[in-house]
Amino acid sequence: MTLINAPVQLFYLLTHPEVRKNHALEHATIHVLEELVPVKLSGVSNPNGFIIQGVSDPYLVLQAAHEAKRRLLSDEKDLAVHPQCGTTSVVTALVFAILFIVFSIFFGLFSFVNLLLSLVLGAILGNVLSPWVQRYITTDWRVHDVEIENAELIIRGWSAHGVFVHTRKGDVKWSIR
């Protein structure tokens with residue numbers, strides 16, 4: 003996620019509940035994979051699933067996705083939040099912009115001190131607020147109605163780009179006792 007396309011992706015997350023669930027499942031899958039493979043991974047979610055970049059074994063990713071779903075449904079809600087999520091960049095940039103505007107209004111139009119103070123506080127507050135934003139706004143850990151279908155290797159050019167995990171909205175079976 004870059005600062006250029008981040009607002010579009012954020013809007014998409016806010017208006018598409020299935021993407022929020024896939025985003026939670028993506029984060030949880032990355033957590034599970036990071037327990038197995040000591041590499042830095044990234045991912046992107048959409049309504050049809052999510053891609054995990056940095057690993058090229060579809061079977062491993064599929065198994066991790068199933069384990070991630072099982073753990074989310076076992077109340078490990080924290081798996082839906084990831085410290086390297088692009089949400090952190092968006093929140094940090096937003097906090098910086100708001101602080102810079104507020105400081106400029108209250109302390110003068112523009113100064114290096116306002117800029118520096120906004121940058122430092124924006125970085126600190128962005129990292130503090132990001133887990134909350136992920137937990138309550140950009141992810142939804144309640145993935146009981148998400149079915150994991152399959153995983154496929156994505157090839158771009160001559161190398162593996164990542165693994166796409168296909169999901170779909172499944173039927174929820176309720177039992178009344």
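Using our numbering, read the sequence shown as starting at 3 and increasing by one per residue.
Every residue gets a Cβ at the ideal spot worked out from N, C-alpha and C, and that includes glycine.
Under the three-state DSSP convention, the category residue i falls into
{"i": "lysine 79", "result": "helix"}
{"i": "valine 122", "result": "helix"}
{"i": "glycine 128", "result": "helix"}
{"i": "lysine 42", "result": "coil"}
{"i": "threonine 169", "result": "strand"}
{"i": "histidine 84", "result": "coil"}
{"i": "histidine 18", "result": "coil"}
Endpoints, beta strand (DSSP E) assigned at residue i
{"i": "glutamine 53", "result": "Glutamine is not the amino acid found at residue 53; the sequence shown has isoleucine there. From DSSP, the beta strand (DSSP E) with isoleucine 53 extends over 51-55."}
{"i": "valine 148", "result": "148-158"}
CB contact flag (residue i, residue j, <7 angstroms)
{"i": "valine 148", "j": "lysine 42", "result": "no"}
{"i": "glycine 128", "j": "isoleucine 53", "result": "no"}
{"i": "serine 120", "j": "phenylalanine 108", "result": "no"}
{"i": "valine 93", "j": "valine 135", "result": "yes"}
{"i": "leucine 15", "j": "alanine 70", "result": "no"}
{"i": "isoleucine 32", "j": "glycine 45", "result": "yes"}
{"i": "threonine 140", "j": "threonine 90", "result": "no"}
{"i": "serine 58", "j": "valine 21", "result": "no"}
{"i": "glutamate 49", "j": "histidine 18", "result": "Here residue 49 turns out to be proline, not glutamate, going by the sequence shown. Cβ distance < 7 angstroms, so proline 49 and histidine 18 count as in contact."}
{"i": "phenylalanine 166", "j": "isoleucine 156", "result": "yes"}
Neighbour-count burial assignment, residue i, 16 or more Cβ in a 10 Å radius
{"i": "asparagine 186", "result": "As displayed, the chain neither begins before 3 nor continues past 179, which places residue 186 out of reach and without an answer."}
{"i": "proline 40", "result": "exposed"}
{"i": "isoleucine 150", "result": "buried"}
{"i": "serine 161", "result": "exposed"}
Through-space distance from residue j to residue i, alpha-carbon basis
{"i": "leucine 75", "j": "asparagine 152", "result": "19 angstroms"}
{"i": "isoleucine 126", "j": "leucine 81", "result": "22 angstroms"}
{"i": "isoleucine 100", "j": "serine 106", "result": "10 angstroms"}
{"i": "glycine 172", "j": "valine 145", "result": "10 angstroms"}
{"i": "lysine 79", "j": "cysteine 87", "result": "16 angstroms"}
{"i": "alanine 30", "j": "arginine 72", "result": "10 angstroms"}
{"i": "glycine 124", "j": "phenylalanine 98", "result": "4 angstroms"}
{"i": "leucine 64", "j": "valine 130", "result": "32 angstroms"}
{"i": "arginine 137", "j": "leucine 111", "result": "36 angstroms"}
{"i": "glutamine 55", "j": "alanine 95", "result": "24 angstroms"}
{"i": "threonine 169", "j": "valine 122", "result": "40 angstroms"}
{"i": "histidine 25", "j": "phenylalanine 114", "result": "38 angstroms"}
{"i": "leucine 62", "j": "aspartate 77", "result": "23 angstroms"}
Unbroken alpha helix (DSSP H) run spanning residue i, endpoints
{"i": "leucine 107", "result": "The sequence given here places isoleucine at residue 107; leucine does not occur at that position. Counting along the chain, the alpha helix (DSSP H) containing isoleucine 107 begins and ends at 89-109."}
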